[in-house]
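Before any comments, here is the structure.
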Amino acid sequence: MWTTLDDSLCELGESPFWHPGERSLYWLDIAGRTVLRTRGDIGAAGATVERWTLPSEPGCMAPARRGGLVIALRDGIYRAKTWGGALTQLVGVDYDTRTMRFNDGKCDPLGRFWAGTLNEAKDKSNAELYCLDMRDGRVPVLQCMAGDAMTANGLAFSPDAGTLYWSDTAAHATRAWDWVADSNTLTRPRVFEQFAAKPAGWTPSSPVRYAGRPDGATVDAEGHYWAAMYEGGQLLRFAPNGKQVGAIATPVQCPTMPCLGGDDLKTLFVTSVRKGRPAEELEERPASGCVVSMRVDTPGLPVAFFED
99 MWTTLDDSLC
109 ELGESPFWHP
119 GERSLYWLDI
129 AGRTVLRTRG
139 DIGAAGATVE
149 RWTLPSEPGC
159 MAPARRGGLV
169 IALRDGIYRA
179 KTWGGALTQL
189 VGVDYDTRTM
199 RFNDGKCDPL
209 GRFWAGTLNE
219 AKDKSNAELY
229 CLDMRDGRVP
239 VLQCMAGDAM
249 TANGLAFSPD
259 AGTLYWSDTA
269 AHATRAWDWV
279 ADSNTLTRPR
289 VFEQFAAKPA
299 GWTPSSPVRY
309 AGRPDGATVD
319 AEGHYWAAMY
329 EGGQLLRFAP
339 NGKQVGAIAT
349 PVQCPTMPCL
359 GGDDLKTLFV
369 TSVRKGRPAE
379 ELEERPASGC
389 VVSMRVDTPG
399 LPVAFFED
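Everything in the sequence shown is counted per our numbering, starting at 99 for the first residue and increasing by one.
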């Protein structure tokens, strides 16, 4: 059964992760330019949500091993050593920040930070996937790892660090690569799942079925890939061979990204969106914009920390 975390309504919720040391859930409101986190036991009396306003849209973030966060803002990747603290730019970007920004991302198991971009005009497939490696005192350099996308999403890594997943929401496609973590090389690109296109004229009240398009994702301890299906009102679960093995309907039409957290990593948290959604939809699905959660049987993987 789904529950609503609290009444925090995000315009565009994204990038949730469970911080084990703080026993807190973190997430973003991209359009609201805000980082949010829980304080106190979720669901218990006295639990609160803290907010931190940022200078531009945060696409994604990850916790840092030495404390604080690494955050991808519109014009670069930044480091904050404390909650609400000063933001120091680690690297800038070479794309046009008037029409491009960072979107989905996270750290890999070795502590490198990955972030993909999106084309806000949606007029060309010029979004890319970048990796920032600052381990062992490395000079920060933003390396382009993949491209030919319009809306970068769905980044995830298999438990054995042998496969990288990445989606292009606009293309309704999730891709996969063989990944050698130590050398950070990607080979054998392939389509992991091609989803059906949105039917012409479709609306949430249409009788025509639409499964949605792939947004954010996570991988559980068994290696299953969980994809949030934007406008599809569901999460889909795929085995490593690409076979769909599960589907969970969500109380929101537009889930944006799942993560598995809680002390046992068996609480499924899902962010969602309100911005631009029809009034009828928001009335019928009042949890839109909230974080919703439910218990599941298979645990997730611990969050990967940024190493610098």
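The C-beta atom is built at its ideal place from N, Cα and C for all residues, glycine as well.
Check                                                                                                                             : Outcome
Backbone CA spacing between ALA319 and MET99 [nearest angstrom]                                                                   : 22 Å
Cβ neighbours of PRO397 in the same chain (closer than 7 Å, five flanking residues each side left out)                            : ASP318, ALA319, LEU358, ASP362, LEU363, LYS364
Euclidean distance between Cα positions of TRP277 and TRP264                                                                      : 12 Å
7 Å Cβ shell around PRO238 - same chain, five flanking residues per side excluded                                                 : LEU188, VAL189, LEU230, MET232
Spatial neighbours of GLU109 in its chain, beta-carbon cut-off 8 Å, leaving aside the 5 residues before and after                 : ASP127, ILE128, ALA129, GLY130, VAL371, ARG372, LYS373, GLY387
CB contact below 7 Å: ARG172 versus chain C                                                                                       : Going by chain labels, chain C is absent from the structure shown, which holds only one protein chain.
Contacts around GLY183, its chain only, beta-carbon distance under 8 Å, and the 5 residues preceding and following it disregarded : GLY166
Sequence-distant residues of the same chain with beta carbon closer than 6 Å to PHE336, five excluded per side                    : TYR323, GLN342
Buried versus exposed call for GLY408 [16 or more other C-beta atoms within 10 Å across all chains shown]                         : Residue 408 cannot be examined here, being either before or after the span of the chain that is shown, 99 to 406.
Supposed contact pair ALA254 and THR348 - C-beta distance, whole angstroms, cut 8 Å                                               : With 8 Å as the limit, THR348 and ALA254 do not qualify as a contact, their Cβ atoms being about 18 Å apart.
Boundaries (first-last residue) of the alpha helix (DSSP H) holding LEU380                                                        : 377-382
Closest Cα partner of THR249 within the set TRP125, LEU134, TRP181, GLY314                                                        : GLY314
Residues bridged to HIS270 (per DSSP)                                                                                             : In the DSSP output, where bridge partners are listed per residue, HIS270 has none listed.
Which of helix, strand or coil DSSP assigns to GLY299                                                                             : coil
ASP280, buried or exposed, once every other Cβ within 10 Å from all chains shown has been counted against 16                      : exposed
Segment limits, beta strand (DSSP E) that includes TRP249                                                                         : Here residue 249 is Thr; the residue named in the question, Trp, does not match the sequence. THR249 -> no beta strand (DSSP E), and no H or E assigned at all.
GLY235 (DSSP reduced to helix, strand or coil)                                                                                    : helix
Start-to-end residues for the beta strand (DSSP E) that takes in PRO161                                                           : 158-161
Beta bridge counterpart(s) of ASN217 as assigned by DSSP                                                                          : MET198
VAL289 burial status per 10 Å Cβ neighbour count (16 or more: buried)                                                             : exposed
Buried or exposed (CB count within 10 angstroms, at least 16 for buried), GLY235                                                  : exposed
Assigned exposure category for ARG286 - 16 Cβ within 10 Å defines buried                                                          : exposed
Pair within 7 Å by beta-carbon distance, MET355 and PRO114                                                                        : yes
Where PRO312 falls, given that 16 or more other Cβ within 10 Å makes a residue buried                                             : buried
Exposure label - VAL306; buried when at least 16 CB within 10 Å                                                                   : exposed
Inter-residue Cα distance where the pair is LEU333 and GLY310                                                                     : 9 Å
THR102 vs VAL350 beta-carbon contact at 7 Å                                                                                       : no
Other residues of its chain near GLY260: CB distance less than 7 Å, five sequence neighbours each side excluded                   : ASP276, TRP277
Alpha carbon of LEU380 to alpha carbon of SER303, nearest angstrom                                                                : 12 Å
Contact belief for ALA160 with PHE404 at Cβ below 8 Å, rounded distance in angstroms                                              : 5 Å
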